[in-house]
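Counted from 1, the sequence shown has number 379 at position 379 by this note's numbering; the numbering is strictly sequential.
Ideal Cβ placement from N, Cα and C applies to all residues, glycine included.
Let me begin by presenting the structure, written as structure tokens, before commenting on it.
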Amino acid sequence: MSNEISRRTFIKGAAAAGVVLSASGCFSWNGRNIPEKVRRGDVTYDVLIIGSGGAGMRAALAAAGNKDRKVAVMTKLVPTRSASTMAQGGMNGVTGLTDPTDSIESHAFDTIKGGDYLCDQDAVEYFAERAGKNIFEMDYMGYPYNRQEDGHFHSRKMGGHSHPRAAYFEDRAGHAMVHTLFEQCLDKGIDFISECQMLEISMAGDKLAGVIAMDMRTGNFIGIPAKTVLIATGGYGRAYWVRTSNPYSSTGDGIVAGMKVGIPFKDPEMVQFHPTGLSVNGVLLSESSRSEGAILLNKNRERFMEKYAPEKKELATRDIVARSIATEIEEGRGVGEGLTAGVYLDFTHIPAERIHERLGQVYDLSKRFAGVDITKEPVLISPTCHYSMGGLEMADFHTGETRVPGIYTAGECSCVSVHGANRLGANSLSEVLVFGHTAGDGAAAYAKGHPYEGSQDQLAKDCAKWKDHFDEVTTRPHEGNRTVPEIRDAMVQTMWFKAGVFRNGPQLEEAAKELAKHEEDYKKCYVGDPSHVYNTAFEQYVELGNLLQISHAIVQGAIARKESRGGHTRRDFPKRDDANFLKHTLIFKDETGYRAEYKDVVITKYPPKERKY
């Protein structure tokens with residue numbers, strides 16, 4: 001079946017969304033970014049979701065199952081501008097369509113093995129059982145899957161997989177997912193509060209009051225009361241700033257807000273470095289490139305993955321391929337020097353028509369940013385920070401709840417943990433569907449059984465506090481104070497070179513000292529813009545504060561984990577140590593600083609073994 005049918009379906013769906021959008025009383029593209037009832041303060045939401053990516057929108061749909069529930073999605077950008085839209089390869093789930101021999105047990109084992117046995121196996125089993133169902137559900141919603149000749153959607157095999165199980169739309173899987181979910185949210189009448197930056201979760205004692213946010217259009221600080229808050233703000237890849245595939249919005253806002261109210265940051269040291277980012281700028285070339293047959297070559301045009309992963313080669317797990325590329329570069333077989341050194345990703349043996357059909361975005365990104373036509377010549381790539389396996393601890397994966405009553409979490413900002421120490425390609429979109437759905441149901445059930453117990457007075461006090469902070473920060477003198485970009489650039493140098501693909505104890509200790517210095521500089525840094533309308537300087541100031549806290553947690557977790565596992569590679573401790581570190585890191589932050597606790601990994605029926613590919 002021609003994929004033109006899928007494209008027409010997607011375009012038709014987008015047009016339909018436009019009709020609903022323009023008729024919506026609560027949100028439109030003409031500038032009304034906040035519903036009037038929110039401006040007036042006369043609405044208390046049952047479920048207030050922070051983040052409009054795949055997890056946030058899927059949670060909203062689940063929570064809005066009952067028309068009587070008041071549900072809103074708040075985003076600091078606009079809906080459909082999220083990291084989820086950048087996901088390219090597909091979404092995993094056992095459907096039995098492309099490969100009838102695949103099984104839920106096989107998906108679970110691939111995930112656990114890929115995660116280097118740091119996954120909680122009960123959560124993985126829950127995830128694998130539901131992933132295929134969510135893929136079929138997206139089909140029902142109108143997702144424009146690439147199709148097989150028999151009309152069923154096609155699935156492809158990604159790195160670390162034993163079967164082809166990643167359903168997809170070309171190499172724009174996340175883009176199509178978010179737009180499909182957005183259309184459904186509009187149809188359900190869900191409120192969208194856009195261009196509002198969350199600043200903190202407001203608590204009246206131990207009771208949830210709501211969320212404090214800055215309206216970017218006016219500079220006003222607003223308090224939004226809510227029975228439950230669901231954090232779905234995505235990851236924190238911008239801690240590595242210029243060597244990441246993440247959007248500029250991935251600054252860990254939700255994780256920091258959660259830590260401030262007592263939710264621990266789980267496994268922060270587990271950062272995934274994707275093997276194939278464009279060397280010139282870190283922009284991702286999808287793993288589907290290697291799934292479709294692209295190979296890796298060093299400067300001598302040798303296919304080097306055969307010596308690192310003899311069986312899987314380029315389709316080994318991401319951590320293995322990233323380390324292999326980094327090793328080739330370090331040992332002098334890479335091309336170029338410094339941050340832009342890399343190796344070649346070669347597509348030239350793949351038919352051009354297949355590239356244009358299934359890898360159109362990869363072709364366009366290579367042409368646009370690297371000036372390379374991948375149908376004719378290889379393109380230079382190198383590892384890039386891509387995904388956050390760590391996140392806010394999800395205390396119960398059956399509901400999405402955290403250890404703080406009324407606060408839920410889902411998506412990349414959460415840690416269930418189904419990804420362990422290394423996420424498999426195409427498990428992220430499946431995770432946002434499965435646990436977005438679960439958390440949305442959980443939050444709605446909590447809201448139904450609990451009255452609003454917060455305090456409008458507390459919201460007002462917190463807004464006033466932020467207004468005073470804004471006035472103080474934006475009127476600081478420049479003389480003697482470092483700027484936000486200066487501190488951020490210094491932070492990135494620290495993180496990339498001392499807490500990147502390869503780590504060791506002395507460098508991590510240096511990183512901790514440097515970050516402490518950056519945090520001191522941040523307390524008196526120069527912002528320089530006292531205006532209220534679209535004050536992006538203040539926005540970036542807030543984001544830098546979040547990134548510094550995230551970075552410190554990454555480093556503290558990495559110092560304590562004296563082993564190598566998945567995305568965490570210690571050169572001074574090159575082996576995995578199940579005797580001492582088959583456990584999760586929990587980082588807490590309070591007035592006295594950072595502290596760590598540990599939590600055992602849940603093992604059900606897959607005892608840890610050596611990973612071989």
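9 Å or more divides the Cβ of LEU297 from the Cβ of LEU365. Here GLN507 is buried, its C-beta having at least 16 other C-beta atoms within 10 Å. Counting other Cβ atoms within 10 Å of its Cβ, TYR248 stays below 16 and is therefore classed as exposed. DSSP places ASP600 inside the beta strand (DSSP E), whose first and last residues are 593 to 600. Taken atom to atom, the span from the alpha-carbon of GLU472 to that of TYR526 is near 11 Å.
The DSSP assignment places 379 to 388 and 391 to 393 as complete runs of the beta strand (DSSP E) inside the stretch 357 to 398, in order along the chain (cut-off: 3 residues). In this structure, DSSP gives HIS349 a state outside helix and strand, which the three-state scheme calls coil. HIS552 is not a Cβ neighbour of GLU591, given a cutoff of 9 Å. Using a Cβ distance threshold of 9 Å, LEU429 and ASN92 count as a contacting pair. CA-to-CA, the gap between GLU125 and SER417 works out to about 11 Å. Between the stretch 278 to 292 and the stretch 405 to 421 there are fewer than three inter-stretch CB-CB distances shorter than 8 Å, so the stretches are not counted as touching. Around the beta carbon of PRO378, 16 or more other beta carbons lie within 10 angstroms, which makes this residue buried.
Look at the stretch 523 to 594 and you find these whole runs of alpha helix (DSSP H), each 4 residues long or longer: 536 to 560 and 578 to 581. Rounded to the nearest whole angstrom, the CA to CA distance from HIS179 to GLY282 is 25 Å. In the three-state reduction of the DSSP assignment, PHE221 falls in the strand class.
Ranking ILE222, TRP496, LYS67 and ILE34 by CA distance to the CA of VAL73 puts ILE34 first. Bounds of the alpha helix (DSSP H) holding GLU306 are 305 to 308. Under the DSSP assignment, TYR45 falls in the beta strand (DSSP E) whose first and last residues are 45 to 50. Residue state for ASN92 is assigned as strand, using DSSP reduced to three classes. Contact between the stretch 103 to 110 and the stretch 556 to 571 is not established, with fewer than three Cβ pairs separated by less than 8 Å. The stretch 181 to 190 and the stretch 320 to 339 do not touch, with fewer than 3 CB-CB distances between them shorter than 8 Å. Here HIS398 is exposed, its C-beta having fewer than 16 other C-beta atoms within 10 Å.
VAL418 sits in coil when the DSSP states are folded into three classes, being neither helix nor strand. Short of 8 Å from the beta carbon of ARG301, and not among the five residues preceding or following it, lie these beta carbons of its own chain, in chain order: TYR344. Judged by DSSP secondary structure, MET203 falls within the beta strand (DSSP E) whose first and last residues are 196 to 204. By the 16-neighbour rule on beta-carbons within 10 angstroms, ASN580 is exposed. A straight-line Cα-Cα distance of about 36 Å links ARG571 and VAL434. Secondary-structure assignment with DSSP links THR483 through a beta bridge to TYR526. In this structure, LEU380 is the residue among ILE112, ASP468, PHE347 and LEU380 with its C-alpha nearest to the C-alpha of GLY336. Between HIS349 and ILE212, the alpha-carbon positions lie close to 54 Å from each other.
The way I'd put it, the stretch 308 to 322 doesn't touch the stretch 240 to 256; fewer than three beta-carbon pairs between them come closer than 8 Å. Annotated three-state conformation of LYS37 is helix, per DSSP.
Every unbroken stretch of the beta strand (DSSP E) spanning 3 or more residues and falling wholly within the stretch 118 to 203 is given here in chain order: 191 to 193.
Proximity to GLY115 across LYS583, ARG595 and GLY593 peaks at LYS583, based on C-alpha coordinates. For ASP68, there is no enclosing beta strand (DSSP E), as DSSP marks it with neither H nor E. Taking C-alpha positions only, LYS157 is separated from LYS517 by approximately 45 Å.
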